[in-house]
Amino acid sequence: MIIDFHTHVFPDKMAAGTIAELEKAAGVKAATNGCVNGLLTSMEQAGIDCSVIMPVVTAPRQFSGINRFAHSINEAYENGDSTQTKMPQLISFGGIHPESDDYKAQLEELYRMGFIGIKLHPDYQGVFFDDIRYKRIVSYASELDMIILVHAGIDIGLPKPIHCTPDMAAEVLKETQAPKLVLAHMGGWQQWDRVEELLIGSDAYLDMAFTQSYIEETQLYRMIQNHGTDKILFATDSPWSNQKAMVEWLQGSSLPAEAKKQIFEENACRLLWKRYDKKRINK
């Protein structure tokens, strides 16, 4: 089984415009049309069994609309009962903005809606990750046993300042002791030397999204081995990376077969156990 822990889709009616705008800002060509059908086609070509979708709430007013769309994906791709015997093709996290008027109420709403995790993007949300508002969200989401995935490091489509540096991530991790904090892009895109100094060996999970061709393989392998292969998640950031190319890249790497199995499947299953009991998943 292969699980892609970090992907994005948009509602059909706004996908084309959103993709065009983001392509221009980042100077990167999208690998799909940004819609659910595009992601599913990409998954089939890559041999990916499940993709986890990460919505971004860029303004507090977007909370309801974005999470309704995310919830509709979960409803469409889950069996919705206790006899779930197969990992859904698509799982969506929820989203929340740090400027929420009542972050606890919103997190509780997401929890009741069945979301098992949230996505935070400090650059698009315009708040530094070591801000008390993020710390409160991370702490309370952890109390609810939710996964927290945060964009870390430079965002290729946005100007500086960087809103989630390795230093900020290390501070939040130390203060919140969050057991299910996932730092995207191997802990901090294009800040990997500092990641090695501060975050490798920590309790955070690191996802591999958008790292192919951007990080030297010797450094990547060193980071994976020193951090622990049990805390690395296969991820692509689709549509901003080609899923098939990313799968082939990791499959062809020099990592041991057992490490690849952990990264492709086992670590994600362990995080997702709350709803998708690994013992019931068809291999």
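Quick note on my numbering: the sequence shown kicks off at 2 and runs consecutively.
All C-beta atoms in this analysis are idealised placements derived from N, C-alpha and C, irrespective of residue type, glycine included.
The model shown is predicted, which means the values in this text are computed figures rather than measured ones.
- Secondary-structure assignment with DSSP links V53 through a beta bridge to I92.
- A Cβ-Cβ contact shorter than 8 Å links Q90 with L41.
- Three or more beta-carbon pairs separated by less than 8 Å link the region 158-175 to the region 23-43, which places the two stretches in contact.
- By the beta-carbon neighbour count (other beta carbons within 10 angstroms, threshold 16), K175 is exposed.
- Close CB contacts of I163 within its chain, under the 6 Å cut and outside five residues either way in sequence, are with I155 (chain order).
- Secondary structure note for F64: its alpha helix (DSSP H) is the uninterrupted segment F64 to Y78.
- In this structure, the straight-line span from the alpha carbon of I92 to that of H9 is close to 11 Å.
- Spatial neighbours of A71 in its own chain (CB-CB distance under 8 Å, excluding positions within 5 residues in sequence) are listed in chain order as I54, P56, S93, F94, G95, G96 and F116.
- In the DSSP assignment, T8 falls within the unbroken beta strand (DSSP E) covering I4 to T8.
- According to DSSP, residue pairing for I149 in a beta bridge involves I119 and L182.
- By the beta-carbon neighbour count (other beta carbons within 10 angstroms, threshold 16), W274 is exposed.
- Taking L251 as the centre and dropping the five residues before and after it, the same chain places the C-beta of M209, F235, K261, I264 and F265 closer than 8 Å to its C-beta, in chain order.
- Note on geometry: alpha-carbon atoms of I233 and D146 lie some 19 Å from one another.
- Residue pairing of L234 in beta bridges, as defined by DSSP: D208.
- V139 is not a Cβ neighbour of V183, given a cutoff of 8 Å.
- For L199 and S73, the gap between their C-alpha atoms comes out near 38 Å.
- If you draw a straight line from the Cα of I216 to the Cα of N227, it comes to about 16 Å.
- By the neighbour-count criterion, in which 16 or more other beta carbons inside 10 Å mark a residue as buried, A185 falls on the buried side.
- Taking C-beta atoms under 8 Å as the contact rule, P240 and A47 fail to qualify, at a distance of about 12 Å.
- Assignment of beta-bridge partners to W190 by DSSP yields G154.
- Within the model, the alpha-carbon separation for A21 versus G189 is close to 25 Å.
- Between the C-alpha atoms of K105 and C51 there is a straight-line separation of about 29 Å.
- S143 is a Cβ neighbour of P180, given a cutoff of 8 Å.
- Straight-line spacing of the CA atoms in L207 and F6 works out to 10 Å.
- Annotation for Y135: P99 place their beta carbon closer than 6 Å to its own, counting only its chain and skipping 5 residues before and after.
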